[in-house]
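Let me begin by presenting the structure, written as structure tokens, before commenting on it.
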Amino acid sequence: MSCVETITSYALRSIGIGERLLPKTDFTLCEQFVLIGSGLIWNVYFAFFALLFGFFLATAVAMARASDRWFFSYPARAFIFVIRGSPLFIQFFIAYESFVLIPKLGYDLNLGFVEITMETRWLTKAWLGALVVLFLNTSAYSAQIFYGALLSVPKGDIEAADAIGMTPFTKFRRVVWPSMLRLSWASYTNEAIFLFHATALVYFSSFPAWQQKGDALYYAKYFADKTFNPFVPYPIIAVYFVCLTLLLIGLFGIVNRRLNRHVASNR
Amino acid sequence: MFEYCADPGTLSGYLWWSCYLTTGKEFGFYISFGVVLSLLFLTVPLIMILGFAGALARRSRFLPLRWFGTIYTSMVRGVPDIIFFLFALIALDQGIEYLRHIILCPDWTEPIRQGNDFRVCPAAKMPLGNSPQWVHEVYGFSLAIVGFGVVFGAFAANTLYGALDAVPKGQLETGTAFGMSPRQIFRRIHLPQMWVYALPGLSNLWMILIKATPLLFLLGVEDIVYWARELGGTKTAIYAYPHGDWRLGYFLVLLVFYLALTWVSERVFDRLSRRVSRGQATLGGTA
Chain E
-9 MSCVETITSY ALRSIGIGER LLPKTDFTLC EQFVLIGSGL IWNVYFAFFA LLFGFFLATA
51 VAMARASDRW FFSYPARAFI FVIRGSPLFI QFFIAYESFV LIPKLGYDLN LGFVEITMET
111 RWLTKAWLGA LVVLFLNTSA YSAQIFYGAL LSVPKGDIEA ADAIGMTPFT KFRRVVWPSM
171 LRLSWASYTN EAIFLFHATA LVYFSSFPAW QQKGDALYYA KYFADKTFNP FVPYPIIAVY
231 FVCLTLLLIG LFGIVNRRLN RHVASNR
Chain C
19 MFEYCADPGT LSGYLWWSCY LTTGKEFGFY ISFGVVLSLL FLTVPLIMIL GFAGALARRS
79 RFLPLRWFGT IYTSMVRGVP DIIFFLFALI ALDQGIEYLR HIILCPDWTE PIRQGNDFRV
139 CPAAKMPLGN SPQWVHEVYG FSLAIVGFGV VFGAFAANTL YGALDAVPKG QLETGTAFGM
199 SPRQIFRRIH LPQMWVYALP GLSNLWMILI KATPLLFLLG VEDIVYWARE LGGTKTAIYA
259 YPHGDWRLGY FLVLLVFYLA LTWVSERVFD RLSRRVSRGQ ATLGGTA
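So the protein lines, in turn, are chains E and C. If you read the first sequence in the working numbering, its first letter stands for residue -9, the second for the next number, and so on. If you read the second sequence in the working numbering, its first letter stands for residue 19, the second for the next number, and so on.
Below you can see the structure in the form of structure tokens.
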């Protein structure tokens, strides 16, 4: 099979398009590159949506954590403590075991006026279940980062906003929030990198890869196990991850420049 | 363990529990907590040694050494640690066997890589095929320690490099003015003052290390995750202590264990950071 054929048959293998059967013997370099790259689709998918949704929950949790009212701050603190204090690996296990148990407990939600049937079977699949775990995980870590930044928003800025009569919401949107992002962006970039790397754990914890549709590490391990030679697939996946990490740093750098565009540079 | 445990089928209530929680397998589970803790404490010295080596290599005046240090410290930033563990473990294992193969069987002519196999002569196997089970386990555990050490050593090197850089230059120049040798300056001024800058990064690293220990399970060590899955799985009536799927319960125990571990660590690091910032010209030190 030529390399072009390999690409057409395996480039989208991880999402179920193309050749069904994985190569069994005589792996070419091209096959390893294409299949591991195909698995990368899942890593990007998990990282993108977890970060996207996590960003909003993290902002909310950080606000709740900074709140004066105990019924906001206590749950936020507990959430951050439990997620940040335990390994992601264990969180994956616990989430999977509980997602498997849910349907047995019944899933009809009665809201008084309307009855909602929760579809829970998707939760045991990686694309949703693992995404939920990663989403909660990054929310807690980012919330802690945002919370730290929230406390360092200059007091003068807030007083100035009060002085010109901004409503609380306008004040938040135009003064507090941009400052918070600006102050926390470097740490938040780190967290995004960590989360992206954590996506490699998905198919290694509890969530099974259905029909061998796995992420990059799933295929890398497949090749390493079959050939008993770690010196080809792991460097390939490492190169992929380094490239995507650099891309991520670049993207976050663009946002960082925009957040800091009014600040005089000291360079 | 207790005498009344001879026939568990007849027991109920807390008597059943007292027997269930003291079976040999359960003790395997308890001991595995010790395995995790011992991994943590055994890797820390290795991590610090490799961290210092990496940081000093990166500061070295000798260019190839500096390159080496830079590559070592920056490799972990781009690649997930789990990939390094999986890679380092097989690579180390095969590397050791390959070296032993060359030394022990010089007249072996067959190639080592035959298709999809890695074949060394029987005498070079590590551990030897006929060695007892515990040797295999200890060997696997030691490989895991080295793997953890190499990966987290790179993280530590990053932190220590930054901390060595953060010590104000004036402090070191004062040492020169007093006529100290570079070695004396490093030992008496640079190193003691570095800790206050390194501590936040190192405490963060310790937290990451704690939370990376369940990966031991992926490396084939019989750690707490292994036992939790083993013991928590459904046990049918042919077992002495039949029960349903208790894996969730076992994992919640692990969750509590890790939460306690991180909580205690946080307290310890808080005290430590107060200790090292004493007398330093920083906000924490003077306030």
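The beta-carbon is built from N, C-alpha and C at its ideal position, and this holds for glycine as well.
Query: Can you find a C-beta in chain E that's less than 9 Å from the C-beta of Phe170 of chain C?; Result: no
Query: Please report how far the alpha carbon of Phe173 of chain C lies from the alpha carbon of Val94 of chain C, in whole angstroms.; Result: 7 Å
Query: For a contact meaning CB atoms closer than 9 Å, what does Ala214 of chain E contact in chain C?; Result: Leu104, Phe105, Ile108
Query: Are the stretch 76 to 84 of chain E and the stretch 221 to 233 of chain C touching by the rule of at least three beta carbon pairs closer than 8 Å?; Result: yes
Query: Take Tyr22 of chain C and list the residues in its own chain whose beta-carbon comes closer than 8 Å to its own, dropping the five residues that flank it on each side.; Result: Leu29, Leu33, Cys37
Query: Exposed or buried, which one is His252 of chain E when buried takes at least 16 other CB atoms within 10 Å?; Result: exposed
Query: When DSSP labels each residue in this structure, what does His208 of chain C get in the three-state scheme?; Result: helix
Query: Find the nearest neighbour of Trp224 of chain C within the set C:Ala142, C:Phe105, C:Glu284, judged by alpha-carbon distance.; Result: C:Glu284
Query: Count the other C-beta atoms from every protein chain shown that fall within 10 angstroms of the C-beta of Trp60 of chain E, then say buried if there are 16 or more, exposed otherwise.; Result: exposed
Query: Just curious, the alpha helix (DSSP H) that Gln201 of chain E is in, first and last residue?; Result: Counting along the chain, Gln201 of chain E falls outside any alpha helix (DSSP H), and DSSP gives it neither H nor E.
Query: Is the CB-CB distance between Phe260 of chain E and Ala182 of chain E below 9 Å?; Result: With chain E running from -9 to 257 in the structure shown, residue 260 of chain E is simply not present.
Query: Grab me the residues of Leu118 of chain E's own chain with a C-beta within less than 8 Å of its C-beta, minus the 5 sequence neighbours each way, in chain order.; Result: Trp112
Query: What does Leu273 of chain C touch in chain E if you count any residue whose Cβ is under 7 Å from its own?; Result: Ser76, Ile80, Ile84
Query: Go to Cys37 of chain C, then tell me how far its alpha helix (DSSP H) extends in each direction, as first and last residue.; Result: 31 to 38
Query: Keeping to the same chain, check which residues put their C-beta closer than 6 Å to that of Tyr179 of chain C; ignore five residues upstream and five downstream.; Result: Ala73, Arg76
Query: On the criterion of 16 or more Cβ atoms from any shown chain inside 10 Å, does Gly99 of chain C qualify as buried, or is it exposed?; Result: The displayed chain sequence assigns Asp, not Gly, to residue 99 of chain C. By the neighbour-count rule (16 or more Cβ atoms within 10 Å), Asp99 of chain C is buried.
Query: Taking Cβ positions, are Ala162 of chain C and Leu107 of chain C nearer each other than 9 Å?; Result: yes
Query: With distances taken between CB atoms, is the gap from Thr91 of chain C to Gly167 of chain C smaller than 9 Å?; Result: no
Query: Determine the chain C residues that contact Ala153 of chain E at a beta-carbon separation under 9 Å, and present them in chain order.; Result: Under the 9 Å cutoff, chain C gives no residues; its nearest Cβ is about 29 Å from Ala153 of chain E.
Query: Closer than 9 Å, CB to CB, is Trp281 of chain C near chain E or not?; Result: yes
Query: Going by DSSP in three states, Lys115 of chain E sits in which element: helix, strand or coil?; Result: coil
Query: Does the contact criterion of 3 or more C-beta pairs under 8 Å hold for the stretch 119 to 131 of chain E versus the stretch 30 to 48 of chain E?; Result: yes
Query: If I measure Cβ to Cβ from Ala305 of chain C and keep anything under 8 Å in the same chain, skipping five residues before and after, which residues do I get?; Result: With a pLDDT of 42 at Ala305 of chain C, under the threshold of 50, the modelled position of that residue is not reliable, and the figure given next carries that caveat. Cβ within range, chain order: n/a, list empty.
Query: In chain C, which residues lie with their C-beta within 9 Å of the C-beta of Leu207 of chain E?; Result: Pro98, Ile100, Ile101, Leu104
Query: In this structure, does DSSP put Lys187 of chain C in helix, strand or coil?; Result: helix
Query: Quick check on the burial criterion: 16 or more other C-beta atoms within 10 angstroms. Buried or exposed for Ile207 of chain C?; Result: buried
Query: Could you tell me whether the Cβ atoms of Leu236 of chain C and Phe20 of chain C are closer together than 9 Å?; Result: no
Query: Let's test the definition: count the other Cβ atoms within 10 Å of the Cβ of Gln112 of chain C and tell me whether it reaches 16, buried, or not, exposed.; Result: buried
Query: Using only CA atoms, which one of E:Thr217, E:Arg163, E:Val245, E:Asn246 lies nearest to Thr49 of chain E?; Result: E:Arg163
Query: Alpha carbon to alpha carbon, what distance is there between Ala85 of chain E and Ala37 of chain E?; Result: 18 Å
Query: By Cβ distance below 7 Å, which residues in the same chain neighbour Tyr268 of chain C in space, the five residues on each side in sequence not counted?; Result: Ala246, Leu249, Gly250
Query: Kindly indicate which three-state DSSP category Ala305 of chain C falls into: helix, strand or coil?; Result: Confidence at Ala305 of chain C is low in this model, with a pLDDT of 42, below 50, so the placement of that residue should be treated as unreliable; the coordinate-derived value is given next. Ala305 of chain C: coil per DSSP, three-state reduction.
Query: At a Cβ threshold of 9 Å, is Thr128 of chain E touching chain C?; Result: no
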